[in-house]
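Worksheet for the structure shown next.
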Amino acid sequence: MFLVKRRRQLAETVHVYISCYIWETEGRMSCNASVTRLHLSSLKRAEKVPVHLMPCEIEHNGLAQVSQYFTATTKEKKKEKTVSFRGRGLKGQEISCPQGYTGLVLKEVDRHGSDQEDRTVKVTSVFDKLTYWNLETPPTSDDTVVMAMDWPELAEAIHGTVED
Amino acid sequence: MDLKQFEADNSGSCRLASRIPDVCRTEDCCLGVDEAGRGPVLGPMVYGICFCPVSKKEELKDLKVADSKTLNEAERENLFQKLDEAQSYVGWALQILSPNMISTSMLQRTKYNLNALSHDTAICLIQYALDSGVQLKEVYVDTVGPAEKYEKKLSQLFPGIQVTVRPKADSLFPVVSAASICAKVARDRVVKGWNFAEDLGEIDTDYGSGYPNDPKTKEWLLKYLDPVFGYPQFVRFSWSTAQTLMDSKAAPVHWDDDEEDGEKAAQQQNNRSMLSYFSASAEGDRAQQTHRFFSERRLKSLKSL
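For the record, the sequence lines run as chains S and E. At position 150 of the first sequence the residue is numbered 150 (the working numbering), and the sequence of numbers has no breaks. Throughout, the working numbering is defined as the position within the second sequence, counted from one, plus 164.
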């Protein structure tokens with residue numbers, strides 16, 4: 001999962017330096033970004049999708065019947081959501097991407113060759129909010145992913161240009 | 165018996181109860197406890213209590229209630245009808261534990277096993293009768309576990325009540341047979357009309373008895389296995405039948421409290437090799453360490469995709 005700072009004008013294809021602070025789910029879902037060619041044309045076509053951050057690792061890479069099994073059985077009470085996955089109780093909530101940022105779901109365009117080679121990714125979908133799930137514990141502001149959203153603001157304070 | 169409340173949300177636990185007969189509030193009463201659907205891998209487990217004045221024991225016997233397992237579905241429905249007609253002196257209450265509730269309890273971080281869940285449910289129902297003003301003097305409980313310990317536990321919890329816990333109590337005491345009929349009728353109805361919360365279109369409801377050794381149940385479990393989600397909430401994920409099928413046919417899922425995975429992770433994190441204390445790179449490691457701000461948020465600086 002990636003959060004990318006929006007720029008006003010975007011050329012059709014450019015090299016984008018993705019601001020590279022993202023979170024790693026439970027130390028397992030490893031994602032990353034670098035100087036990688038991103039097909040920006042795909043961004044325009046990308047649809048907004050619901051995104052779920054799960055408290056487990058699922059050894060599956062591909063489509064899943066999320067709306068049929070998961071969304072359909074999710075219950076919501078005062079912003080706290082509950083559902084179960086594989087018989088385990090989950091509690092979660094929806095959070096927004098930091099202001100000025102867009103979440104991207106990326107997919108590699110035919111990967112071949114070694115790690116050193118340039119790589120191309122396209123945006124398959126975008127999101128501006130996501131639902132994260134804890135195993136049994138109710139969501140709080142101390143949850144890792146909630147705290148991680150502090151970083152862009154802090155980064156701006158540290159690295160942003162200082163106005164006179 | 166109105167199941168609407170449970171059918172509106174069949175992912176939790178729900179209590180259904182008859183009106184309390186007035187005579188039960190004034191006369192000494194006996195109460196039976198039994199459960200239906202403990203073994204099946206599909207559908208809810210239903211706990212039932214039935215009560216009547218001690219003076220009406222014979223009349224209850226005359227209704228010819230018997231152990232629900234020796235009766236067929238039509239006979240059970242028929243007997244439940246009779247119990248309902250005797251509502252001037254017979255009352256009942258049920259606790260329906262959904263398969264989802266059973267799964268999430270048994271698979272909880274701090275495991276809540278089926279015996280504990282069963283005992284707590286039975287205790288809740290007896291307490292409900294007391295809270296409703298039923299003058300309880302005798303309680304009869306059917307059990308599959310060790311009877312003596314359970315009897316002692318209940319006697320301590322409900323002082324002044326004569327508690328009898330027996331295996332097969334449902335064939336020994338009419339009031340327990342009556343409870344077992346109420347529970348079994350509710351379970352049958354819930355299973356028959358199961359309202360799948362999942363959006364799966366037409367679902368084949370020919371799932372047999374729901375017991376793991378029933379070929380129809382097995383076939384159904386094979387047919388409705390999803391590689392990612394496993395099963396609809398109708399299935400008890402904590403049953404080994406379901407787990408074995410998922411282990412062999414669905415995507416593996418790892419949780420941070422899995423015993424195997426937990427150990428592996430602990431090994432990686434904590435168990436440093438003896439040799440590492442002598443290596444020269446200790447200082448280099450420190451330089452690489454990220455600030456707590458980032459580690460607490462699981463934020464990482466990335467250099468490659």
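Backbone N, C-alpha and C define an ideal beta-carbon position, used for all residues, glycine too.
Proximal chain S residues relative to residue i, where beta-carbon distance stays under 9 angstroms
{"i": "E/Asn-264", "result": "Thr-73, Ser-84, Gly-87, Gly-89"}
{"i": "E/Leu-364", "result": "Gln-65, Gln-68, Tyr-69, Ala-72"}
{"i": "E/Phe-393", "result": "Ala-64, Gln-65, Val-66, Gln-68, Tyr-69, Phe-70, Phe-85, Arg-86"}
{"i": "E/Ser-177", "result": "Those do not exist, as E/Ser-177 stays about 13 angstroms from chain S at its closest Cβ, beyond 9 angstroms."}
Boundaries of the beta strand (DSSP E) in which residue i is found, first to last residue
{"i": "S/Lys-107", "result": "101-108"}
{"i": "E/Asp-306", "result": "300-306"}
{"i": "S/Met-149", "result": "Note, S/Met-149: premise wrong, no beta strand (DSSP E); not H, not E."}
{"i": "E/Thr-454", "result": "Counting along the chain, E/Thr-454 falls outside any beta strand (DSSP E), and DSSP gives it neither H nor E."}
{"i": "E/Ile-367", "result": "That residue, E/Ile-367, is in no beta strand (DSSP E); it is neither H nor E in DSSP."}
{"i": "E/Thr-328", "result": "326-330"}
{"i": "E/Glu-239", "result": "Element bounds for E/Glu-239: not the beta strand (DSSP E) but the alpha helix (DSSP H), 237-249."}
{"i": "S/Glu-76", "result": "75-77"}
Contact under 7 angstroms by Cβ, residue i with residue j
{"i": "E/Ala-361", "j": "E/Ala-200", "result": "no"}
{"i": "S/Gly-89", "j": "E/Thr-268", "result": "yes"}
{"i": "E/Ala-406", "j": "E/Pro-391", "result": "no"}
{"i": "S/Leu-63", "j": "S/Val-121", "result": "no"}
{"i": "E/Arg-273", "j": "S/Glu-80", "result": "no"}
{"i": "E/Tyr-388", "j": "E/Val-340", "result": "no"}
{"i": "S/Gly-87", "j": "S/Trp-133", "result": "no"}
{"i": "E/Leu-206", "j": "E/Phe-398", "result": "yes"}
{"i": "E/Arg-240", "j": "E/Val-308", "result": "no"}
{"i": "S/Ala-148", "j": "E/Arg-456", "result": "no"}
{"i": "S/Gly-72", "j": "E/Asp-363", "result": "The sequence given here places Ala at residue 72 of chain S; Gly does not occur at that position. Yes, the pair counts as a contact, with Cβ atoms nearer than the cut-off."}
{"i": "E/Val-327", "j": "E/Ser-319", "result": "yes"}
Chain-ordered chain E contacts of residue i [CB-CB under 7 angstroms]
{"i": "S/Glu-136", "result": "Gln-272, Arg-273"}
{"i": "S/Thr-56", "result": "A small fix is needed here, since residue 56 of chain S is Cys in this sequence, not Thr. What S/Cys-56 touches in chain E: Val-417, His-418, Trp-419."}
Contact list for residue i against chain E, beta-carbon separation under 9 angstroms
{"i": "S/Trp-151", "result": "Phe-457, Phe-458, Arg-461, Leu-463"}
Cross-chain neighbours of residue i in chain E, by beta carbon under 8 angstroms
{"i": "S/Glu-59", "result": "Ala-415, Pro-416, Val-417, His-418"}
{"i": "S/Thr-144", "result": "Glu-460, Arg-461, Arg-462"}
{"i": "S/Ala-148", "result": "Arg-461, Arg-462, Leu-463"}
Residue from the options whose Cα sits closest to the Cα of residue i
{"i": "S/His-52", "options": "S/Pro-138, S/Ala-157, S/Ile-95", "result": "S/Ile-95"}
{"i": "E/Tyr-211", "options": "E/Lys-382, E/Phe-337, E/Asn-279", "result": "E/Asn-279"}
{"i": "S/Asn-61", "options": "E/Val-417, E/Ile-260, E/Arg-179", "result": "E/Val-417"}
{"i": "E/Cys-193", "options": "E/Cys-214, E/Met-209, E/Arg-183, E/Gly-207", "result": "E/Cys-214"}
{"i": "E/Glu-375", "options": "E/Thr-285, E/Glu-366, E/Ser-404, E/Gln-291", "result": "The question names Glu, yet the displayed sequence has Tyr at residue 375 of chain E. The shortest C-alpha separation from E/Tyr-375 is found at E/Ser-404."}
{"i": "E/Val-218", "options": "E/Ala-257, E/Val-327, E/Ile-367, E/Leu-300", "result": "E/Leu-300"}
{"i": "E/Pro-255", "options": "E/Cys-216, E/Phe-170, E/Thr-190", "result": "The residue you asked about is not Pro; residue 255 of chain E is Gly in the sequence shown. For the residues E/Cys-216, E/Phe-170, E/Thr-190, the minimum Cα distance to E/Gly-255 belongs to E/Cys-216."}
{"i": "E/Gly-291", "options": "E/Lys-228, E/Val-197, E/Leu-466", "result": "Per the sequence shown, residue 291 of chain E should be read as Gln rather than Gly. Considering only alpha carbons, the answer is E/Val-197."}
{"i": "E/Ala-293", "options": "E/Arg-183, E/Asn-377, E/Leu-385", "result": "E/Arg-183"}
Sheet register partners of residue i (DSSP bridge)
{"i": "E/Arg-189", "result": "Its beta-bridge partners do not exist; DSSP assigns none."}
{"i": "S/Thr-131", "result": "S/His-52, S/Glu-94"}
{"i": "E/Ser-177", "result": "E/Leu-261"}
{"i": "E/Phe-170", "result": "Answer is none; E/Phe-170 lacks a bridge partner."}
{"i": "S/Phe-85", "result": "S/Arg-88"}
{"i": "E/Phe-215", "result": "E/Leu-195, E/Gly-255"}
{"i": "E/Val-410", "result": "Sequence check: residue 410 of chain E is Met here, not Val. Bridge partners of E/Met-410: none, in fact."}
{"i": "E/His-418", "result": "S/Glu-57"}
{"i": "E/Asp-390", "result": "E/Gly-394"}
{"i": "E/Leu-206", "result": "E/Val-399"}
{"i": "E/Glu-223", "result": "In the DSSP output, where bridge partners are listed per residue, E/Glu-223 has none listed."}
Under 7 angstroms from the C-beta of residue i: neighbouring residues of chain S
{"i": "E/Asp-361", "result": "The sequence given here places Ala at residue 361 of chain E; Asp does not occur at that position. Near E/Ala-361 (Cβ distances below 7 angstroms), the residues of chain S are Ala-72, Thr-73."}
{"i": "E/Ala-390", "result": "Inspection of the sequence shows that residue 390 of chain E is occupied by Asp rather than by Ala. Chain S residues near E/Asp-390: Gln-65, Tyr-69."}
{"i": "E/Thr-555", "result": "The structure shown does not extend to residue 555 of chain E, since chain E is modelled only from 165 through 469, so no value can be given for it."}
{"i": "E/Ser-402", "result": "Gly-87"}
{"i": "E/Ser-412", "result": "By Cβ distance, chain S contributes nothing, its closest Cβ being about 14 angstroms from E/Ser-412, past 7 angstroms."}
{"i": "E/Gln-397", "result": "Thr-73, Ser-84"}
Interface partners of residue i on chain S, CB under 8 angstroms
{"i": "E/Ser-344", "result": "In chain order: nothing, as chain S lies at least about 27 angstroms away."}
{"i": "E/Gln-453", "result": "The premise fails here: E/Gln-453 is roughly 15 angstroms from chain S at the closest Cβ pair, so nothing lies under 8 angstroms."}
Residue i Cβ short of 6 angstroms to the ligand MG heavy atom set
{"i": "S/Glu-47", "result": "By its list of ligands, the structure shown contains no ligand whatsoever, and the ligand MG lies outside what it can speak to."}
Host alpha helix (DSSP H) of residue i (start-end)
{"i": "E/Gln-291", "result": "278-295"}
{"i": "S/Ser-141", "result": "Per DSSP, S/Ser-141 belongs to no alpha helix (DSSP H) and is neither H nor E."}
{"i": "E/Glu-315", "result": "311-321"}
{"i": "E/Ile-345", "result": "338-356"}
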